[in-house]
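Let me begin by presenting the structure, written as structure tokens, before commenting on it.
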Ligand SMILES: Nc1ncnc2c1ncn2[C@@H]1O[C@H](COP(=O)(O)OP(=O)(O)OP(=O)(O)O)[C@@H](O)[C@H]1O
Ligand SMILES: [Mg+2]
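Chains as they are written, first to last, in the working numbering: chain A, 338 to 897; chain B, 10 to 367.
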């Protein structure tokens with residue numbers, strides 16, 4: 338009687354709930370990521386009547402020199418922007434992390450402002466500065482801002498904070514002992530920079546390169562506003578789909594856009610792994626010592642960069658307020674009336690609503706998903722699949738995802754067809770588009786929790802879901818707030834993800850801004866873009882207040 | 010085999026991690042109210058065995074019986090035990106009170122009873138003053154006791170401890186293991202503790218299960234496994250042992266280096282190669298010329314407080330130094346210096362003999 342065997346897991350109620358949830362997540366990812374991408378791919382291999390024709394569309398694409406040229410345009414602007422941003426960003430990060438300049442807090446905050454604005458804001462500001470009626474038009478020596486110059490300048494502006502964040506982190510990890518050793522060997526500051534600082538930030542630089550490259554390569558808003566006749570892949574997709582209703586060609590270009598993005602993503606992951614192994618023997622934190630010449634030079638540099646950021650922002654706001662640029666510079670609020678139908682305040686409110694939904698549901702879904710992947714006891718292989726899928730959205734350009742959504746949800750026999758052209762599809766698309774970054778920060782926070790909490794809870798007969806609300810969630814509250822804010826700001830500013838998905842009732846502020854610009858109302862576009870900046874500021878401000886006051890109460894255990 | 014007093018037992022318990030066999034047919038039997046230790050080197054499967062008992066790991070085959078019930082198929086939440094982990098796993102955002110009350114609340118205890126029970130437990134572990142503090146405000150030892158209080162709050166009938174002392178520094182560890190022992194005396198709770206520290210196990214366990222490579226190598230009282238180690242692994246792992254090669258001459262005599270030592274029925278057949286195990290304190294240094302005396306050269310002497318540890322080079326242990334412990338009191342007055350040639354004898358009653366297999 339006693340020789341009984343039991344190989345299966347004796348499942349707790351908590352385990353069963355977990356398993357059901359894992360299946361739900363897999364189903365959701367399948368419906369809202371895998372199948373749409375599949376629909377996109379099959380579309381690229383169909384003719385206009387929906388008949389499978391293999392790679393014929395791709396052949397057409399390659400044979401069309403004007404279409405194919407856009408590919409090189411995209412590569413070119415992405416490459417040049419990346420080089421500039423990595424250089425400028427590294428210097429800025431170096432000034433913040435490795436020198437003794439004053440006002441570091443101010444510099445940091447200002448440099449992060451572009452994160453709160455839609456990428457088109459920079460493009461609009463550039464129009465005011467260097468456009469046909471621009472203040473400094475002459476500085477371009479006869480070149481037009483509408484084209485690669487404008488795209489690159491605007492791209493540098495909005496990707497700068499992305500670069501800065503990665504570079505700052507990698508520089509902040511530099512090991513003080515290496516600097517001491519270098520000092521002890523009487524190496525000059527310059528030599529120390531080349532032998533210690535630069536190699537230490539190597540992986541940070543590599544990672545920044547890939548991230549910025551993908552951002553610019555796949556961006557839609559900036560080239561749309563300031564690209565002029567200079568076509569890039571993202572604007573080609575838009576033109577094929579919206580302008581010419583040639584969905585098949587749209588799908589083909591999407592795949593052409595997707596492949597380099599995937600490649601860059603894969604390389605980035607590879608180098609990140611290398612870096613992680615390099616960081617295991619974490620070191621003494623480096624505290625910089627003053628160095629007059631270096632510090633003064635870099636202070637000037639930081640002032641210069643922050644001035645540029647503020648000038649861009651200031652010009653956009655100024656442009657939104659003047660009566661008739663550049664002839665009548667008296668101030669007015671009339672551009673905030675948004676007289677073009679369907680693109681007015683409604684779209685602004687829609688944006689806020691959409692962003693709140695996306696931030697709320699996104700935070701809940703992403704946090705619970707990360708918890709399942711990290712802490713469940715069973716179904717290891719299913720969880721691995723889930724983790725892999727959760728990384729995918731990062732590699733998929735917003736415009737590609739948006740197009741994939743149309744193809745999939747617009748199919749007549751799709752039971753999910755009812756979400757097409759509603760707020761729901763915008764919310765879902767936004768959550769999926771920005772899933773990975775939030776997912777990774779949730780995973781990091783959950784990994785820090787003691788691995789035995791679940792065991793303790795089970796031994797005390799407390800179900801895991803109760804513990805989740807009693808312990809896991811409160812302990813991770815700061816991360817949860819961060820994810821919420823991240824999703825909110827991105828939902829407010831995103832263009833590429835939703836450009837195909839809004840309907841007459843669900844226009845969004847960022848999309849409105851583009852359309853206002855398209856119709857020649859640049860001041861209106863600037864006004865709308867600035868509204869987005871202000872609301873993002875406001876929400877960030879509320880976030881700061883919450884984290885200083887409410888957190889003090891709920892997180893009291895943390896810093897005693 | 011069936012033991013009337015048995016509270017917890019495993020029958021032929023095995024556990025695979027993929028291809029790796031972490032537990033190999035483990036059968037143990039623990040009496041009600043006993044304090045037992047699972048002792049063994051790192052990676053021998055102690056924690057795995059404990060986690061199987063708790064249902065946190067699922068055995069690949071075999072049965073676990075607790076209180077005459079087969080529990081091996083029950084999920085963790087339906088088993089009756091309290092557990093303290095090496096990391097304590099105290100919930101950082103809950104105060105001591107809330108941590109201890111955590112399991113009670115879920116059982117539907119009302120506020121007053123909960124408060125009373127928590128206070129009772131806190132005074133039991135001697136931390137009544139710390140009721141409102143958070144774990145990060147407590148020392149390691151205090152955290153350990155809070156974890157203990159939390160584990161027994163719901164009055165389980167079995168207490169499992171996974172290296173509860175290993176995160177503490179040496180002094181606190183010795184103190185707390187006495188506390189643990191007292192605690193067990195007062196409550197009479199069946200307790201299983203995992204440790205890799207043999208001194209700790211010897212000091213507090215009623216019974217020890219020595220493990221290696223997923224197998225139970227020996228079980229018994231501390232005195233028993235120390236004095237009568239069943240195999241060279243145990244003899245070596247518990248305390249120190251000199252292993253000396255010898256050969257069986259007849260059923261009562263073993264030859265070592267041409268000297269004949271008398272045993273009473275050692276149980277090996279003639280000409281078997283054997284290992285004779287001698288604890289350092291069972292070797293007598295002698296100045297007189299006795300029968301069966303060996304000699305060796307002193308190569309090192311360590312003064313360890315209550316005794317001297319003397320290392321000898323001797324022909325009977327060609328590859329290793331023989332270790333002799335000599336109490337600082339008694340009849341041996343001559344001080345010993347490196348380079349001295351000394352004689353020593355071994356009393357057969359204190360020796361263990363194992364088959365020599367290479
Ligand atoms: N989840 C797991 N997956 C694979 N192998 C495991 C797992 N858990 C334990 N093992 C392996 O099983 C063996 C026994 O592990 P166990 O944790 O029981 O050792 P231990 O005796 O507690 O050691 P220590 O004293 O180091 O805690 C080890 O070799 C370990 O690598
Ligand atoms: Mg262990």
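Where is the CB? At the ideal position from N, CA and C, for every residue including glycine. Computed from a predicted structure; not experimentally measured.
Cβ shell of residue i (< 6 Å), same chain only, five flanking positions each side left out
{"i": "residue 46/B", "result": "202, 204, 210, 214 and 217"}
{"i": "residue 462/A", "result": "649, 652 and 653"}
{"i": "residue 757/A", "result": "746 and 747"}
Nonlocal neighbours in the same chain, by C-beta distance under 8 Å from residue i, ignoring five residues either side
{"i": "residue 39/B", "result": "15, 16, 17, 18, 45, 199, 201 and 216"}
{"i": "residue 359/A", "result": "709, 713, 716, 719, 720 and 723"}
{"i": "residue 619/A", "result": "Unreliable positioning characterises residue 619/A in this predicted model, as indicated by a pLDDT of 49, which lies under 50. A coordinate reading is not provided."}
{"i": "residue 65/B", "result": "85"}
{"i": "residue 411/A", "result": "554, 569, 570, 571 and 594"}
{"i": "residue 344/A", "result": "Bear in mind that a pLDDT of 43 at residue 344/A, under 50, signals an unreliable position, so the model cannot answer this."}
Terminal residues of the alpha helix (DSSP H) in which residue i lies
{"i": "residue 188/B", "result": "179-196"}
{"i": "residue 695/A", "result": "682-712"}
{"i": "residue 231/B", "result": "231-236"}
{"i": "residue 305/B", "result": "Careful: residue 305/B lies outside any alpha helix (DSSP H), inside the beta strand (DSSP E) at 303-312."}
{"i": "residue 631/A", "result": "629-658"}
{"i": "residue 856/A", "result": "Premise fails: residue 856/A is in no alpha helix (DSSP H) and is neither H nor E."}
{"i": "residue 721/A", "result": "717-728"}
Same chain only: Cβ atoms within 7 Å of residue i, ignoring 5 sequence neighbours per side
{"i": "residue 332/B", "result": "249, 251, 289, 318 and 320"}
{"i": "residue 56/B", "result": "171 and 203"}
{"i": "residue 365/B", "result": "254, 282, 283 and 284"}
{"i": "residue 354/B", "result": "293, 295, 299, 301 and 302"}
{"i": "residue 414/A", "result": "485, 488, 489, 492, 553 and 569"}
Buried versus exposed call for residue i [16 or more other C-beta atoms within 10 Å across all chains shown]
{"i": "residue 390/B", "result": "Nothing can be reported for residue 390/B, as the shown portion of chain B is limited to 10 through 367."}
{"i": "residue 53/B", "result": "buried"}
{"i": "residue 637/A", "result": "exposed"}
{"i": "residue 245/B", "result": "exposed"}
{"i": "residue 816/A", "result": "buried"}
{"i": "residue 596/A", "result": "exposed"}
{"i": "residue 882/A", "result": "exposed"}
{"i": "residue 102/B", "result": "buried"}
{"i": "residue 349/A", "result": "buried"}
{"i": "residue 839/A", "result": "buried"}
{"i": "residue 28/B", "result": "exposed"}
{"i": "residue 338/A", "result": "Confidence in residue 338/A is poor, its pLDDT being 32 and thus under 50, which makes the residue's placement unreliable; the coordinate value appears in the next sentence. Exposed."}
{"i": "residue 907/A", "result": "Since the displayed chain A opens at 338 and closes at 897, residue 907/A lies outside it and no answer follows."}
{"i": "residue 885/A", "result": "exposed"}
Where the beta strand (DSSP E) containing residue i begins and where it ends
{"i": "residue 665/A", "result": "665-668"}
{"i": "residue 426/A", "result": "Unbroken run through residue 426/A is the alpha helix (DSSP H), 402-435; no beta strand (DSSP E)."}
{"i": "residue 256/B", "result": "251-259"}
{"i": "residue 47/B", "result": "44-48"}
{"i": "residue 318/B", "result": "316-323"}
Should the region 840-850 of chain A be called in touch with the region 674-693 of chain A, which here means at least 3 C-beta pairs below 8 Å?
-> Segments in contact, yes.
Positions along the region 121-154 of chain B whose CB lies within less than 8 Å of some CB in chain A = Contact residues of the region 121-154 of chain B toward chain A are 143, 144, 145 and 146 (C-beta to C-beta distance below 8 Å).
At a Cβ cut of 8 Å, what residues of the region 808-842 of chain A count as close to chain B, listed as they run along the chain?
-> The residues in question are 808, 811 and 812.
Pull out every residue of the region 782-793 of chain A whose Cβ sits closer than 7 Å to any Cβ of chain B, in chain order.
-> So the close ones are 787, 789, 790, 792 and 793.
Evaluate contact between the region 531-550 of chain A and the region 420-431 of chain A, counting only Cβ atoms and requiring at least three cross-stretch pairs below 8 Å.
-> The region 531-550 of chain A is in contact with the region 420-431 of chain A.
Members of the region 157-176 of chain B near chain A, C-beta cut-off 7 Å = Against chain A - using a Cβ distance shorter than 7 Å - the residues of the region 157-176 of chain B are 163.
At a cut of 8 Å, does the region 778-793 of chain A reach the region 85-102 of chain B through at least three beta carbon pairs?
-> Yes, they touch.
Within the chosen definition, does the region 695-707 of chain A reach the region 772-779 of chain A through at least 3 CB pairs nearer than 8 Å?
-> Segments in contact, yes.
Of all the residues that make up the region 381-394 of chain A, which are near chain B by a beta-carbon distance shorter than 8 Å?
-> Flagged: no residues at all.
Touching or not, the region 179-188 of chain B and the region 149-162 of chain B, by the rule of three or more beta carbon pairs under 8 Å?
-> Three or more beta-carbon pairs drawn from the region 179-188 of chain B and the region 149-162 of chain B are found closer than 8 Å, and the two stretches are therefore classed as touching.
Is the region 721-740 of chain A touching the region 659-674 of chain A in the sense that three or more CB pairs, one from each, lie closer than 8 Å?
-> Result no; under three Cβ-Cβ pairs closer than 8 Å.
Can we say the region 30-38 of chain B touches the region 218-238 of chain B, given the rule of at least three CB pairs closer than 8 Å?
-> Between the region 30-38 of chain B and the region 218-238 of chain B, the count of C-beta pairs closer than 8 Å reaches three or more; the two stretches touch.
Are the region 387-394 of chain A and the region 752-768 of chain A in contact at 8 Å, needing three or more beta carbon pairs?
-> With the cut-off at 8 Å, the region 387-394 of chain A and the region 752-768 of chain A do not touch.
Decide yes or no for the touch test of the region 430-442 of chain A against the region 461-479 of chain A: beta carbon pairs closer than 8 Å, at least 3 of them.
-> Not touching, per the Cβ criterion.
So, do the region 818-830 of chain A and the region 446-456 of chain A have three or more beta carbon pairs nearer to each other than 8 Å?
-> The region 818-830 of chain A, when compared against the region 446-456 of chain A, does touch it at the 8 Å Cβ threshold.
Contact list for the region 236-257 of chain B against chain A, Cβ threshold 7 Å | Of all residues in the region 236-257 of chain B, none has a Cβ within less than 7 Å of some Cβ in chain A.
With 7 Å as the C-beta to C-beta threshold (strictly closer), list the residues of the region 83-97 of chain B near chain A in chain order.
-> Result list: 83, 84, 85, 86, 90, 91, 92, 94 and 96.
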